[in-house]
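Visitor: Residue numbers (this note's numbering): 43 to 183.
Glycine included, every Cβ here is placed at the ideal spot set by N, Cα and C.
This is the structure I have questions about; it appears just below.
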Amino acid sequence: MKSIGLSNYYTPKDFDRLVNAVTVVPALLQNETHPYHQSSKMKEHLKQYGTVMESWFPLGGRGNTQKLFNDKTIKKIAKAHNKTSAQVILRWHLQAGNIAIPGSSNEDHIKENFEIFDFELTKDEMKQMGNLDKDERFADY
Ligand SMILES: NC(=O)c1ccc[n+]([C@@H]2O[C@H](COP(=O)([O-])OP(=O)(O)OC[C@H]3O[C@@H](n4cnc5c(N)ncnc54)[C@H](OP(=O)(O)O)[C@@H]3O)[C@@H](O)[C@H]2O)c1
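Next comes the structure, spelled out in structure tokens:
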């Protein structure tokens, strides 16, 4: 095996225990990551290993997206850029250094989700997004 992707390791201690027991360091860790659960500490911890964070539930996940889409701060930022809340969240992932692959079975949404490369969140908007972190998960895998 040359490359390993890992999922659902939420504490540096657990991740270190695994890394110390293997010869191939995981290239990627896929954890629930979105504006209400930003995984900042784990992301920082992974840097020493060159492991990157991939977000599952990047938009909050099926059944939860409206909580994020209707968040006042996200809506305000979306309005300022003439974008949707989904696009603002995906742009935030991009600028925060997360890998995010949103799930959708709707062609219009899939197109919309690609249209995030023609605008940029300001430093202040990134700070506002950062302040939304509540360490709140929508699932418990
Ligand atoms: N490793 C793990 O433990 C784990 C756990 C959970 C999930 N995952 C993986 O993570 C990936 C993402 O999960 P997910 O699809 O549930 O989460 P998600 O991408 O956060 O949310 C998907 C939901 O967002 C909606 N959506 C997508 N784009 C939209 C847009 N532009 N406007 C409005 N709604 C939009 C979709 O509805 P429409 O279809 O109507 O667009 C769908 O209901 C999947 O590949 C999943 O397998 C991994």
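Flag this pair as yes or no: are the beta carbons of K1 and Y78 separated by less than 8 Å?
Guide: Beyond the ends of the chain as shown, which are 43 and 183, falls residue 1; an answer cannot be given.
Visitor: Given this structure, state the Cα-to-Cα distance separating N62 from I46, to the nearest angstrom.
Guide: 15 Å
Visitor: Using only the alpha-carbon positions, how far apart do I158 and A142 sit?
Guide: Between I158 and A142, the C-alpha separation is close to 12 Å.
Visitor: Alpha carbons only, please: which of M43, L132 and Q72 is nearest the one belonging to L51?
Guide: Reading off the sequence shown, one finds Tyr at residue 51, where the question assumed Leu. The option with the nearest alpha carbon to Y51 is Q72.
Visitor: Can you list, in chain order, the residues of its chain with a C-beta nearer than 6 Å to that of P54? Leave out the 5 residues immediately preceding and following it.
Guide: Within its own chain, the residues whose Cβ lies closer than 6 Å to the Cβ of P54, once the five positions on either side in sequence are excluded, are H87, listed in chain order.
Visitor: One question on the structure: do F156 and K125 come within less than 8 Å of each other, judged by their Cβ atoms?
Guide: Not a contact, by the Cβ cut-off of 8 Å.
Visitor: With C-beta atoms as the reference, is I100 less than 8 Å away from H76?
Guide: It is Pro, not Ile, that sits at residue 100 in the sequence shown. Contact: yes.
Visitor: Looking only at its own chain, which residues have a Cβ that is under 6 Å from the Cβ of L6, when we skip the five neighbours before and after it?
Guide: No answer is possible for residue 6: the residues shown for the chain start at 43 and end at 183.
Visitor: Using the rule of at least 16 other Cβ atoms within 10 Å of the residue's Cβ for burial, across every protein chain shown, is S146 buried or exposed?
Guide: exposed
Visitor: Is I25 helix, strand or coil when you go by DSSP?
Guide: In the structure as shown, the chain starts at 43 and stops at 183, and residue 25 therefore has no counterpart that could be examined.
Visitor: Does the beta carbon of S147 fall short of 7 Å from some heavy atom of ligand 1?
Guide: yes
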